[in-house]
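Heads up, the final residue of the sequence shown is numbered 227 in our numbering, and it's a clean run with no missing numbers.
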Amino acid sequence: MSNVDFTLTAEVRNDMGKGASRRLRRQGLVPAIIYGAEQDPVNINIDHDSLFHHLEHEAFFSHILTIDVAGKKEKAVLKDLQRHPAKPILMHADFMRVSDKEKLKMSVPLHFINEEVSPGVKKGGLVTHNITEVEVQCLPNDLPEFLEVDLAGLDMEQVLHLTDIKLPKGVELLELLHGTDHNQPIAAIHKTRASKEADESAEGEGESA
């Protein structure tokens, strides 16, 4: 788990509309909203540079955040983020409150490990990643920042699927809840063109011999 303190300080904002949002951005603030947990939504603003700095951490996107709204600390997750299409400017952020007793759905990244020691790679194969993140369902306290996919035993032309991911206790993959036919491939090792040509050359030499 990340040791970074993901705490944001926010202020309640009362001015709405595009004009008000533009004024906030000129002041170095990001207009945002926090909602959910059977409470009224609250419009807030957050320091742009502080939020931008937090976004440099992958874990920020799959972590329970603390948002200090005018002295009231809220537990929330980032649900949506709007960026300027051409400039490094954050335009708007949506945060959803979380309850310790209610399951939430979040996307978490996959971390692929031990590629270099897998039998398939040692034989000259190339690893392909079909997906790099998955959607999970769990209680907030069980939310993983990432899931590891171990390729140590993957051989040439073998494929790993969603069911091969070792899940922490209390964590479910949403895709698998739809049935076994949703067991998507997540990674594979295939022969490269060079290794295929080498195999064909070796076969040709064997036939001529």
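Here a beta-carbon is modelled for each residue, glycine too, at the ideal position from N, C-alpha and C.
- Contact check between the stretch 70-78 and the stretch 141-161: fewer than three CB pairs, one atom from each, fall below 8 Å, which does not count as touching.
- DSSP, reduced to helix, strand and coil, places glycine 138 within a helical segment of the structure shown.
- Our two residues, aspartate 23 and asparagine 201, have alpha carbons roughly 35 Å apart in a direct line.
- Non-local C-beta neighbours of valine 145 in its own chain, meaning closer than 6 Å and more than five positions away in sequence, comprise Glu133, Ile207, ordered along the chain.
- Collapsing the DSSP output to three states places aspartate 199 in a helix.
- Distance from isoleucine 82 to valine 116 at the Cβ level is roughly 6 Å; contact confirmed, criterion being Cβ atoms closer than 8 Å.
- Taking C-beta separations shorter than 7 Å and ignoring five residues to either side along the sequence, the partners of alanine 94 in its chain run Ile52, Leu83, Ile85, Phe113, Met114, Arg115, Val116, following chain order.
- The Cβ atoms of isoleucine 131 and isoleucine 204 do not sit closer than 8 Å to each other.
- The C-beta distance from alanine 170 to serine 136 rounds to 6 Å, short enough to fall under 8 Å.
- Shown here, aspartate 67 sits in a helix according to DSSP, grouped into three states.
- Here glutamate 153 is not near glutamate 120, since their CB atoms are 8 Å or more apart.
- Under DSSP, threonine 27 takes part in a beta bridge, and its partners are Asp86.
- Counting along the chain, no beta strand (DSSP E) covers leucine 42; the unbroken alpha helix (DSSP H) around it starts and ends at 36-44.
- Ranked by how close their Cα comes to the Cα of glutamate 151, the residues Gly138, Leu191, Gln100, Val177 have Leu191 in first place.
- Annotated three-state conformation of proline 59 is strand, per DSSP.
- The residues Ile64, Ile85, in chain order, have a CB closer than 6 Å to that of leucine 26 in the same chain once the five nearest residues on each side in sequence are set aside.
- In the DSSP assignment, glutamate 163 falls outside any beta strand (DSSP E) and carries neither an H nor an E.
- Secondary structure at alanine 77: helix, using DSSP grouped into helix, strand and coil.
- Under the three-state reduction of DSSP, histidine 147 is assigned to strand.
- Excluding its 5 nearest sequence neighbours in each direction, glutamate 92 has C-beta neighbours in its own chain below 7 Å: Ile52, Ile85, Arg115, listed in chain order.
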